[in-house]
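Protein chains in written order, with our numbering: chain A, 1 to 301; chain B, 302 to 613.
Here's what the structure looks like:
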């Protein structure tokens, strides 16, 4: 008895040490993630000279909204924003219609040919023709430099389709379908009036996965879109943040090169912030749907 | 004799009836079928230009066959080995450094009793997953800047001299891999947390009664519980080992770090879409796709032989 309780005490001490280390490690990991984001925010509103000198770490000083005033007046950024919203809304709508209908059809056990289609689908996940044949195809279809190029070539995601199918398969009871069929309900009516209303979770998950994908799309825009008035946000951001091409519009009233350069650095922080705000603000409210999406995907991983 | 024949007949009739009854389900699938046919099988058909001398005027079908000329040119070019080394190097580095992080994160999170603390850590660590790669590249460039960048400010704070990271080829793989972990580790832990939550709680209760410490329970219950998930993800990751993300590598490339940052996909982009050598770049892309396919099949077979877990 004595020996046993001594073991328990020793173990609970060990567990406490473990807990302390664990809390410490996770706090450190969380700080590592959030600090760069926080730094972007404070650097964007601090006097650029202080940022350049490495002077701020925790609290912003000599706060100025000069950078944001200029960003808000920068028309190409807002053209990009508008285009991205168009691509995201229309693109996600197309994705949802195709993925939900096809996902439902594939979830039906009495759907003759569904196994053949699954093989047809899996092949595309294992092998692809590659960047160049895909570009030539889209070019031959006359979509290059049109809005279609941002909507149609990504109309359905194979992985999302499988997740949707799995969801319908495991949530729509067979009895429900049988009862509807006895009442003379067609598949289309059953899908629209019964399946969709009881599946808000998968609709939300898919809208979010596809939506974030469209919002962040960079590669397709890079190869398919050249016209400036069709450019999505990410292409505009690349010019400013990566290629370091500050539009003169942003700086036209600044006289000296030194002053321009000084402001450029500060504008970059502001633009990074403005570009990530919509998603980072929305995300905490939608987090549970993203998690749910990963979980459904994992069932049939 | 006639019994099985009759069954086949009724089966066939039953299938026909089912197709007829479910005609609208076929309409549901039709657009998606055509989408995959055109946008996924179309490029597979188009990849034949890797064996041809493609000219736009003669089209994919009409261009003359040239056999393996483009492949030979690629294999004997001076860039071949450096492209292969960079691509595989970054992939393996990502895999070795990045694969364990979400697992460790999930194991630690799973031991946190406070629900509130868990939720805060999860919300924050998942967030970077949703930041676009262009913004990530922009952040890296401002943080690593030799003039007032955060990282260099910290280095100077501790008495070091600032480093011009983007101009130093030896830093590129580390920048690529660490930023990938920063962005993806949190979200990657979700799947392991799901696996951990499906472990029978009785195992833990029994272990506690037997006097096992938390560390021992992680070692002997949690880790064996998530091995199947880890194996599946490892197979999937290995299958894409030649697919170093085009976007981040492309965005972080500078003329000064090309020595380590030029990977197969960025090379295909430049040769194919910038210089319009469609056939040659298709051949390079096809080489990459073929290696991927071989790898995923091989790793899957290996996993099936060694353990019970495999993709198919």
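From the three backbone atoms N, C-alpha and C, an ideal C-beta is built for every residue, glycine too.
Model, not experiment: these values are computed from the prediction.
Q. Pairing CB atoms from the segment 371-385 of chain B with CB atoms from the segment 518-526 of chain B, are three or more of them under 8 Å?
A. no
**Q.** Beta-carbon gap between residue 452/B and residue 459/B smaller than 8 Å
**A.** no
**Q.** residue 607/B burial status per 10 Å Cβ neighbour count (16 or more: buried)
**A.** exposed
(Q) Just to confirm the assignment, what range does the alpha helix (DSSP H) spanning residue 244/A have? (A) It is not in any alpha helix (DSSP H) - residue 244/A carries neither H nor E in the DSSP assignment.
**Q.** Minimum Cβ-Cβ distance from residue 2/A to chain B less than 8 Å
**A.** In this predicted model, residue 2/A has a pLDDT of only 47, less than 50, meaning its place in the structure is not dependable enough to derive any value.
Q. Under 8 Å between the Cβ atoms of residue 165/A and residue 106/A?
A. yes
Q) Going by other Cβ atoms of all chains shown within 10 Å of its Cβ, with 16 needed for buried, is residue 366/B buried or exposed? A) That one is exposed.
Q) If you follow the alpha helix (DSSP H) that residue 398/B is part of, which residue opens it and which one closes it? A) Judged by DSSP secondary structure, residue 398/B falls within the alpha helix (DSSP H) whose first and last residues are 380-399.
Q | Min CB distance residue 64/A to chain D below 8 Å | A | Among the protein chains of the structure shown, namely A and B, there is no chain D.
Q: Give the single residue among 200/A, 213/A, 195/A and 267/A whose Cα lies nearest to the Cα of residue 66/A.
A: 267/A
Q. Excluding the five sequence neighbours on either side, which residues of its own chain have a C-beta within less than 8 Å of the C-beta of residue 85/A, listed in chain order?
A. A distance below 8 Å between beta-carbons, with the five flanking residues on each side excluded, links residue 85/A to no residue of its chain.
Q: Please report the Cβ distance between residue 208/A and residue 221/A, rounded to the nearest whole angstrom; I am assuming they are in contact, meaning their Cβ atoms lie under 8 Å.
A: With a Cβ gap of about 20 Å, residue 208/A and residue 221/A do not count as contacting.
Q: Could you name each continuous alpha helix (DSSP H) segment of 4 residues or more that falls completely within the segment 471-546 of chain B, going from the start of the chain to the end?
A: 473-498, 502-510, 515-518 and 524-540
Q) Any idea what DSSP makes of residue 15/A, helix, strand or coil? A) Looking at residue 15/A - three-state DSSP - the assignment turns out to be helix.
Q. Where does residue 602/B sit, in a helix, a strand or coil, going by DSSP?
A. helix
Q: Would you mind telling me which residues of chain A sit closer than 7 Å to residue 515/B, beta carbon to beta carbon, in chain order?
A: 15 and 18
Q: Tell me whether residue 282/B sits in a helix, a strand or coil according to DSSP, three-state version.
A: With chain B running from 302 to 613 in the structure shown, residue 282/B is simply not present.
Q.
Using a 10 Å radius around the Cβ and a threshold of 16 neighbouring Cβ atoms, would you call residue 135/A buried or exposed?
A. buried
Q. In terms of residues, what are the limits of the alpha helix (DSSP H) holding residue 106/A?
A. Unbroken alpha helix (DSSP H) run through residue 106/A: 75-107.
Q. Which residues in the same chain have their Cβ closer than 6 Å to the Cβ of residue 551/B, if we skip the five residues on either side of it in sequence?
A. 567
(Q) Are the CB atoms of residue 490/B and residue 406/B within a distance shorter than 8 Å? (A) yes
Q: Look at residue 541/B and residue 601/B and say whether their C-beta atoms are less than 8 Å apart.
A: It is not a contact, given that the beta carbons lie outside the stated cut-off.
Q: Measure the alpha-carbon distance for residue 28/A versus residue 419/B and round it to whole angstroms.
A: 14 Å
Q: Ignore the nearest five residues each way along the sequence and tell me which others in residue 484/B's own chain have a CB closer than 8 Å to its CB.
A: Around residue 484/B: 429, 430, 432 and 437.
(Q) So, at 7 Å on beta carbons, what are the nonlocal neighbours of residue 274/A in its own chain, with the 5 sequence-adjacent residues on each side left out? (A) 71
Q: Find the nearest neighbour of residue 261/A within the set 149/A, 49/A and 11/A, judged by alpha-carbon distance.
A: Comparing Cα-Cα distances from residue 261/A to each of 149/A, 49/A and 11/A, the minimum goes to 49/A.
Q.
Looking at the strands, I want to know which residues DSSP matches up with residue 549/B.
A. Answer is none; residue 549/B lacks a bridge partner.
Q) DSSP puts residue 353/B in a beta bridge; with which residues? A) 366/B
Q) In or out: residue 159/A buried (at least 16 other Cβ within 10 Å) or exposed? A) That one is exposed.
(Q) With a threshold of 8 Å between beta-carbons, can residue 276/A be considered close to chain B, or not? (A) Using a Cβ-Cβ cut-off of 8 Å, residue 276/A counts as an interface residue toward chain B, since at least one Cβ of chain B sits closer than that to its own.
Q) What is the rounded straight-line gap between the Cα of residue 351/B and the Cα of residue 532/B? A) 34 Å
Q | Cβ pair residue 87/A, residue 232/A closer than 8 Å | A | yes
**Q.** Pick from 148/A, 230/A, 137/A and 149/A that is closest to residue 80/A, judged by C-alpha positions
**A.** 230/A
Q. Going along chain B, which residues have a C-beta under 7 Å from residue 284/A?
A. Those are 424, listed as they occur along chain B.
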